[in-house]
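Novice: Starting off with a structure, shown below.
2 protein chains.
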Amino acid sequence: MSKDLISQLIDTLRCLPGVGPKSAQRMAYHLLERNREGGNKLAHALVEAMEHVGHCRICNTLTEHDECEICSNQGRDGSLLCIVETPADVLAIEATGYRGRYYVLMGHLSPLDGIGPEELGLQKLADHLDRGGIDELILATNSTVEGEATAHYVGEMAHKREIRASRIAHGVPIGGELEYIDGGTLAHALAGRQSV
Amino acid sequence: MSKDLISQLIDTLRCLPGVGPKSAQRMAYHLLERNREGGNKLAHALVEAMEHVGHCRICNTLTEHDECEICSNQGRDGSLLCIVETPADVLAIEATGYRGRYYVLMGHLSPLDGIGPEELGLQKLADHLDRGGIDELILATNSTVEGEATAHYVGEMAHKREIRASRIAHGVPIGGELEYIDGGTLAHALAGRQSV
């Protein structure tokens, strides 16, 4: 063994996003000094999740089951399909009370990084659309260049199959003050104005 | 199993200091989507550290060995003993190039929380001092009420044994501008002025 266990723990904690050397050190000492039980529980949860969590057969999100909870819920509206980039986006949209179904891309198109439709696995989405029963695709990818490109591409896939596609609205956030909103967002908000 | 593995992972990640629900979620998805190997390594490092890390027989710091690296290093100056609150403080002082030895209290006196000299295990420090060979005790506890009280108490222990005791200097940090230093620190800096 080349390094001692405490240094190893500090090093491996740095694989967590947003954790630098100082936070990793603080975390390691906190667990060792005050919460060994928590540390053991965390180790167990990590092993279990890394081992057993895979992708939902239908919507592609992360789940330990063959079908995720949402896909296996018969009460959800199967005619609405919301396209998102990540499982975290599903949680965010779930919090709004949306009752349709999802498809999780697990990324976005990014030709510069060599991620085209094939690498992103859009064939699985195409098969999903071909099975029918979907009236509307809600394109809820991020409002980044890659997210917009992905939304455009998936929108085209829907049009080819004569499925309606819509893009979530972009504009001034609720509670936001115009003074502090960036120009791009404000331009979007003006272009997307709706009659009242 | 009541909760799914992903939720369990998110919950257990929150035992890390400074990790709230959003960061925990981000960490869990990051590991699952992009770094399963890192997750497994982290689990392994956690198990090993929680299982095997104990206290140094001599200086009380956290280590997986019977004696820590510093205590078993014969090149260190055994006549200087630096008293600190936590193992992280040892790392901070090591970075200054200090070549003496340490004693780690693993906390501070805090009568309000029921932590007196006995609970803090100061008998082990007393035995250490009684073994002799120590010329000076450097009191490097934190500059908090509890840290000051602990420094005072340990200082008295040293005086009883006719060992010199010193407190690290408190004052204006290097590179600090007087304008932005709080009054308490500035008062300390004035009271602790040294002739040049």
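Protein chains in written order, with the numbering used here: chain A, 737 to 932; chain B, 737 to 932. Backbone N, C-alpha and C fix where the C-beta goes; we use that ideal spot for every residue, glycine too.
Helix, strand or coil for V820/A? Go by DSSP, reduced to three states.
Specialist: Strand, per DSSP.
Novice: Could you tell me whether the Cβ of A779/B comes closer than 7 Å to any Cβ of chain A?
Specialist: Cβ-Cβ to chain A under 7 Å: yes for A779/B.
Novice: How is the beta strand (DSSP E) around G754/A delimited, first residue to last?
Specialist: No beta strand (DSSP E) contains G754/A, which DSSP labels as neither H nor E.
Novice: Do you know offhand how far L841/A's Cα is from C751/B's?
Specialist: When rounded, the distance between both Cα atoms is 30 Å.
Novice: Does the pairing of the segment 811-828 of chain A with the segment 838-858 of chain A give three or more beta-carbon distances under 8 Å?
Specialist: The answer is yes - the segment 838-858 of chain A touches the segment 811-828 of chain A, with three or more Cβ pairs under 8 Å.
Novice: Any C-beta of chain B sitting closer than 7 Å to the C-beta of M737/A?
Specialist: Caution is warranted here: a pLDDT of 44 is assigned to M737/A, below 50, making its placement in the model unreliable, and the coordinate value is therefore given only provisionally. False, the Cβ-Cβ gap to chain B never drops below 7 Å.
Novice: Using only CA atoms, which one of I794/B, G811/B, L768/B lies nearest to E803/B?
Specialist: Looking at the Cα atoms, I794/B is the closest of the given residues.
Novice: Grab me the residues of G928/B's own chain with a C-beta within less than 7 Å of its C-beta, minus the 5 sequence neighbours each way, in chain order.
Specialist: The answer, listed in chain order, is A905, H906, G907.
Novice: Show which residues of chain B have a CB atom less than 7 Å away from the CB atom of N796/A.
Specialist: Going along chain B, no residue has its Cβ under 7 Å from N796/A, so there is no contact; the nearest lies around 12 Å.
Novice: Could you tell me how far apart the beta carbons of L922/B and E800/A are, in whole angstroms, since I believe they sit closer than 8 Å?
Specialist: Incorrect: roughly 58 Å between the Cβ atoms, too far for contact.
Novice: The alpha helix (DSSP H) with S743/B in it runs from where to where?
Specialist: Counting along the chain, the alpha helix (DSSP H) containing S743/B begins and ends at 741-749.
Novice: Could you tell me if L768/A is buried or exposed, where buried requires 16 or more neighbouring beta carbons within 10 angstroms of its beta carbon?
Specialist: With 16 or more other Cβ atoms within 10 Å, it is buried.
Novice: So, helix, strand or coil for I874/A, using DSSP?
Specialist: In the structure shown, I874/A sits in a strand (DSSP, three-state: E or B).
Novice: Give me whichever residues DSSP pairs with R837/B in a beta bridge.
Specialist: Partner(s): L817/B.
Novice: Under three-state DSSP, which class holds H766/B?
Specialist: Reduced to three states, the DSSP call for H766/B is helix.
Novice: Taking one C-beta from the segment 875-885 of chain A and one from the segment 806-823 of chain A each time, how about it: are there three or more such pairs within less than 8 Å?
Specialist: A contact exists between the segment 875-885 of chain A and the segment 806-823 of chain A.
Novice: Considering only residues of the segment 861-907 of chain A, which uninterrupted alpha helix (DSSP H) runs meet the minimum length of 4 residues and lie entirely inside it, listed in chain order?
Specialist: As far as the segment 861-907 of chain A is concerned, its whole alpha helix (DSSP H) runs of at least 4 residues are 881-896.
Novice: Applying a beta-carbon distance threshold of less than 7 Å, which residues of chain B neighbour L745/A?
Specialist: The answer, in chain order, is A781, L782, A785.
Novice: Flag T832/B as yes if its beta-carbon sits less than 7 Å from any beta-carbon of chain A, otherwise no.
Specialist: Not closer than 7 Å to any Cβ of chain A, the Cβ of T832/B fails to qualify, so no.
Novice: In its own chain, which residues sit with a C-beta less than 6 Å from the C-beta of L745/B, not counting the 5 before and 5 after it?
Specialist: Once the five neighbours on either side are set aside, the close Cβ partners of L745/B are A764.
Novice: Exposed or buried, V789/A, counting other C-beta atoms within 10 Å across all chains shown (16 or more means buried)?
Specialist: V789/A is buried by the Cβ-count criterion.
Novice: Cα separation between S808/A and G814/A?
Specialist: Looking at the two C-alpha atoms, the distance is approximately 11 Å.
Novice: When you compare only the Cα positions, how much space is there between V881/B and L845/B?
Specialist: Straight-line Cα distance between these residues: approximately 10 Å.
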